[in-house]
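Novice: Numbering (our numbering), first residue to last: 878 to 948.
C-beta: ideal position from N, C-alpha, C; glycine also.
Since we're looking at a predicted model, the values are computed, not measured.
Please find one structure pasted underneath; my questions will follow.
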Amino acid sequence: MLKKRIKNILTYVKLRMTNAKSEAINSKIQWIKYTARGYRNVSNFITAIYFHCGALNMNPLAWSSPGLVDG
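Shown next as C-alpha cells:
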C-alpha cells in the first residue's frame with residue numbers, strides 16, 4: 878500500500894500541499910447536482926455552483942449615490 882502512494886507522500890513532503898480543497902469543492906458541486914435532481918440547462922447549473930461555492934457576501938454594503946452623505 879505504501880509503495881503505491883510513495884509519489885504522493887514525497888510530493889507532500891516537498892511541497893506541503895494536498896488536494897483537500899479541490900476535493901471539498903468537488904464534493905460540494907456533486908451535492909448541488911444531487912439536490913437539484915437535474916437542471917433545465919447548463920447555465921442554471923453553473924449559476925448554482927457560483928452561488929454555493931463563490932464565497933459571496935450575503936450582507937453587501939448599502940448602495941449610495943455619489944454626493945450623498947450617509948447619516
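Quick one: what's got a C-beta closer than 7 Å to K905's C-beta in the same chain, skipping five residues either side?
Specialist: Excluding sequence neighbours, K905 sits near H929, C930.
Novice: Suppose you measure from the CA of A913 to the CA of V919; what does that come to, to the nearest Å?
Specialist: Their Cα atoms are separated by approximately 12 Å.
Novice: Pick helix, strand or coil for T912, following the three-state DSSP scheme.
Specialist: Here T912 sits in helix by DSSP.
Novice: What did DSSP end up calling R882 once you bin it into helix, strand or coil?
Specialist: Residue state, collapsed to three classes: helix.
Novice: How far does the alpha helix (DSSP H) with N918 in it extend, from its first residue to its last?
Specialist: Element bounds for N918: n/a, residue is neither H nor E.
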